[in-house]
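> Below are the structure tokens for one structure; questions will follow.
In UniProt numbering, the protein residues as written are 1 to 439.
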């Protein structure tokens, strides 16, 4: 690779990184440093329209931080802030922000996300930005918990009305967080209903929502199934594993084997939609899953072994108490706080922030488009849509892998900043060749 080629790459990357700055230069009021975001999560720029954004490497070293990032934060201290994905900031970053009183904001996917799983790296329609702790962490107060504890719902009936209408619209659309899974006739799967029917909702074991949200060390989905069975020995127990586990997308850490509970529960090895799975269900068991809240808005009793954001407000059977949550809420108030007041929504087509109602309508349109594509795919005889298999790179040498990565980056950069064709001077017209006269 020539020095000229490297120079062109650097310039292209520089221009790409300055896109949000150039677009909003007239209204910039914050200096925002983004830390702990995977390389594909460049969408954060869309959610911070009035910010000068500096993206740090995913694995930011202490040396890099103290030599480059920390001085920049101190230089812009009056308008500086840090954004971290989840809890992925190094300890030295958190201590620095606390010492210098620089706001540290935590970012996570919102409650209606996309028509694909988050592990497929599809940008979300909604995110949550929290100044305190994320909504799934009951060990500390969060902005969502503060909203649910203090917002004057009685004095704002229009907000409660939006919550009620939002529940109705969400149920009518059959939308969920990820909107994957097949639409099926559950009566054929569950069989005749002759006793109490309980649905156990699996999660990704090792997920932060369990590590932060449940005080039972090492609890697994299989443990949850056993608890549901022991408390309801005569009931029909149905276990729905998490979609990312069913599809083999999430394997680290290793997940418990659902086949081990086949003797005490019916396991849904087919990824059916949550809206269908909740039909004819009398009770739901979960650790901290958001799907438990989606059962709650359908009027289904929910037992929580952990402390998800929707527990502790008088609506759930709670096995883990949170002393700070002492207020009694209606389901409409809880929905309004969690889905309308707390998250942010973004329209990727019109490139602007939107409200919950617009996001729900947009997601419904996207879902219909995805369903139509799947219908056409099935009609072609190729079967249903499946996750794209990743190529096996176990036998690829580091040098080949590096070259492949560079080629991919070059294609991306050339798409963003097409190289200009060199302009060459026209060649002078050829002189006529005169025949030599023979003497």
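Even for Gly, the Cβ is constructed at its ideal location relative to N, Cα and C.
If you're wondering where the values come from, they're calculated on a predicted model, not measured in any experiment.
Look at the Cβ atom of residue 343, then the Cβ atom of residue 147, and state whether they are nearer than 8 Å.
Counting from one through the chain shown, the residue named residue 343 turns up at place 343. Counting from one through the chain shown, the residue named residue 147 turns up at place 147. Contact: no.
> Which runs of the alpha helix (DSSP H), 4 residues or longer, sit entirely within the stretch 174 to 248?
As far as the stretch 174 to 248 is concerned, its whole alpha helix (DSSP H) runs of at least 4 residues are 186 to 190, 208 to 213, 221 to 231 and 243 to 246.
> Please list, in chain order, all residues of the same chain as residue 80 whose beta carbon is under 6 Å from its beta carbon, the five residues on each side excluded.
Here the question's residue 80 lines up with position 80 in the chain shown. So the qualifying residues of the chain are 31, 73 and 102.
> Are the beta-carbon atoms belonging to residue 35 and residue 50 less than 8 Å from one another?
For the purposes of this step, residue 35 is taken as residue 35 along the chain shown, with counting starting at 1. For the purposes of this step, residue 50 is taken as residue 50 along the chain shown, with counting starting at 1. No; because the gap between Cβ atoms is not below 8 Å, this pair is not in contact.
> Within its chain, find whatever has a CB closer than 8 Å to the CB of residue 155; leave out the 5 residues flanking it on each side and keep chain order.
What you label residue 155 is simply residue 155 of the chain shown in a count that begins at 1. So the list is empty, once near-sequence residues are dropped.
> Measuring only the C-alpha atoms, how far is residue 280 from residue 111?
What you label residue 280 is simply residue 280 of the chain shown in a count that begins at 1. What you label residue 111 is simply residue 111 of the chain shown in a count that begins at 1. Computed Cα separation, rounded: 24 Å.
> Apart from the five residues on each side of it in sequence, which residues of its chain come closer than 6 Å, Cβ to Cβ, to residue 106?
Reading the chain shown from its first residue, position 106 is the one you call residue 106. So the list reads 84, 130 and 134, once near-sequence residues are dropped.
> Would you mind reading off the limits of the beta strand (DSSP E) that contains residue 31?
Counting from one through the chain shown, the residue named residue 31 turns up at place 31. Where residue 31 is concerned, the enclosing beta strand (DSSP E) stretches over 30 to 35.
> Would you call the stretch 90 to 101 and the stretch 60 to 72 touching, i.e. three or more CB-CB distances under 8 Å?
Yes, they touch.
> Roughly how many angstroms separate the alpha carbons of residue 238 and residue 231, rounded to a whole number?
Reading the chain shown from its first residue, position 238 is the one you call residue 238. Reading the chain shown from its first residue, position 231 is the one you call residue 231. Each residue's alpha carbon lies about 14 Å from the other.
> Considering only the alpha carbon of each residue, which of 61, 144 and 211 lies closest to residue 335?
Locating residue 335 in the chain shown gives position 335, where the first residue counts as 1. Among 61, 144 and 211, the Cα nearest to that of residue 335 belongs to 144.
> Use the C-beta contact count for residue 257: other C-beta atoms within 10 angstroms, 16 or more gives buried, fewer gives exposed.
In the chain shown, residue 257 corresponds to position 257, counting from 1. Result: exposed.
> Inspect the beta-carbon positions of residue 485 and residue 285 and report whether they are closer than 8 Å.
Nothing about residue 485 can be reported from this structure: the residues present for the chain run from 1 to 439 only.
> Given this structure, state the Cα-to-Cα distance separating residue 197 from residue 295, to the nearest angstrom.
Translated into positions along the chain shown, residue 197 becomes position 197. Translated into positions along the chain shown, residue 295 becomes position 295. Each residue's alpha carbon lies about 13 Å from the other.
> With the cut-off set at 8 Å, would you say residue 273 and residue 113 are in Cβ contact?
Locating residue 273 in the chain shown gives position 273, counting from the first residue. Locating residue 113 in the chain shown gives position 113, counting from the first residue. Not closer than 8 Å, so no.
> How would you write the range of the beta strand (DSSP E) that residue 80 sits in, first residue to last?
As a first step, residue 80 is located in the chain shown; it is residue number 80 there, counting from the start. Its beta strand (DSSP E) spans residues 80 to 85.
> Could you please give the first and the last residue of the uninterrupted alpha helix (DSSP H) stretch that includes residue 154?
Working through the chain shown from its first residue, we reach residue 154 at position 154. Residue 154 -> no alpha helix (DSSP H), and no H or E assigned at all.
> Suppose you measure from the CA of residue 21 to the CA of residue 52; what does that come to, to the nearest Å?
Here residue 21 refers to the residue found at position 21 when the chain shown is read from its first residue. Here residue 52 refers to the residue found at position 52 when the chain shown is read from its first residue. Low per-residue confidence applies at residue 21: pLDDT is 44, beneath 50, and the placement is therefore not dependable enough to give any value.
> Closer than 6 Å by C-beta to residue 255: which residues in its own chain qualify, once you throw out the five before and the five after it? Chain order, please.
Taking the first residue of the chain shown as 1, we reach residue 255 at position 255. These residues qualify, in order along the chain: 205 and 245.
> Could you tell me the alpha carbon to alpha carbon distance between residue 89 and residue 214, rounded to whole angstroms?
Sequence index remark: in the chain shown, residue 89 carries index 89 (1-based). Sequence index remark: in the chain shown, residue 214 carries index 214 (1-based). If you take the alpha carbons of residue 89 and residue 214, they lie about 21 Å apart.
> Kindly indicate which three-state DSSP category residue 361 falls into: helix, strand or coil?
Position 361 of the chain shown, counted from the first residue, corresponds to residue 361. Note: residue 361 maps to helix in three-state DSSP.
> For the alpha helix (DSSP H) containing residue 291, list its first residue and its last residue.
Locating residue 291 in the chain shown gives position 291, counting from the first residue. Element bounds for residue 291: 291 to 296.
> Leaving out the 5 sequence neighbours to the left and right, which residues in its chain are closer than 7 Å to residue 353 when beta-carbon positions are compared?
Reading the chain shown from its first residue, position 353 is the one you call residue 353. Closer than 7 Å at Cβ, skipping near neighbours: 344, 345 and 346.
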